[in-house]
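Asker: Here my numbering is used: the first residue of the sequence shown is 22, the next is one more, and so on. Every residue, glycine too, gets a C-beta built ideally from N, C-alpha and C. Note that the coordinates shown come from a computational prediction; the quantities given were computed from them, not determined experimentally.
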Amino acid sequence: MFDFQKLDVYQKSKSFCKEIYSILDKKNFDKVTNDQLRRASFSIMLNIAEGTSRFSNKDRKNFFVISRGSAFECMAILEYLHETGEITRDFFLKGEKNLEEISKMLFGLIKNLN
22 MFDFQKLDVY QKSKSFCKEI YSILDKKNFD KVTNDQLRRA SFSIMLNIAE
72 GTSRFSNKDR KNFFVISRGS AFECMAILEY LHETGEITRD FFLKGEKNLE
122 EISKMLFGLI KNLN
C-alpha cells in the first residue's frame, strides 16, 4: 500500500471524484463544463497522491495547495451548475459538504508542513 492510500483526505477525494464521474455520465452538461469538472475533481486526488511522493515539505505543500485549489474550482463549478438549474439542491449541498471537508483536511496537512 502506498502512503497516500492511507490518508483519509485521499479516500474522501476519491469518493468525491467517483460521484462527479457518476453524475457526468448521467447528465449532459456542455463540453467545457464536463471537461473542467472532470479534470478538477480528478486533480484533487492526484495531487494528494503526487504530494506524498515528494521528499521535502516544500514540495509536498505545493501539491496539497494545488489539490485544495482544485477543490475550490469544483465548488465554483457546482455552484454555477446549481444556480443554472443543472444539478439538484441535494447534489449541490452534498458536494459542498464533501468539498468543505476535503478543503479543511488539506489545510491541516498544509499547515503542518510549515
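#1: Please report the straight-line C-alpha distance between Gln-57 and Asn-135, rounded to a whole angstrom.
#2: Nearest-angstrom Cα distance between Gly-90 and Lys-118?
#3: By the three-class DSSP mapping on this structure, what secondary structure does Gly-106 have?
#4: Out of curiosity, what's the CA-to-CA distance linking Leu-114 and Thr-73?
#5: Compute the distance between the beta-carbons of Glu-127 and Ser-77, then report whether it is under 8 Å.
#6: What does the alpha-carbon distance come out to for the pair Phe-50 and Glu-107?
#7: By the three-class DSSP mapping on this structure, what secondary structure does Asp-111 have?
#8: Residues in its own chain within less than 7 Å of Asp-29 by CB, not counting five upstream and five downstream?
#9: Can you tell me which of the three DSSP states Met-96 falls into?
#10: With a 10 Å radius around its C-beta and 16 neighbouring C-beta atoms as the bar for buried, classify Tyr-42 as buried or exposed.
#11: Using a Cβ-Cβ cut-off of 6 Å (strictly less than) and excluding sequence neighbours within five positions of Asp-24, which residues of its own chain qualify?
Answerer: Let me lay it out:
#1: 30 Å
#2: 16 Å
#3: coil
#4: 29 Å
#5: A small correction: the amino acid at residue 127 is Leu; Glu does not occupy that position in the sequence shown. No; because the gap between Cβ atoms is not below 8 Å, this pair is not in contact.
#6: 8 Å
#7: helix
#8: Met-126
#9: helix
#10: exposed
#11: Thr-73
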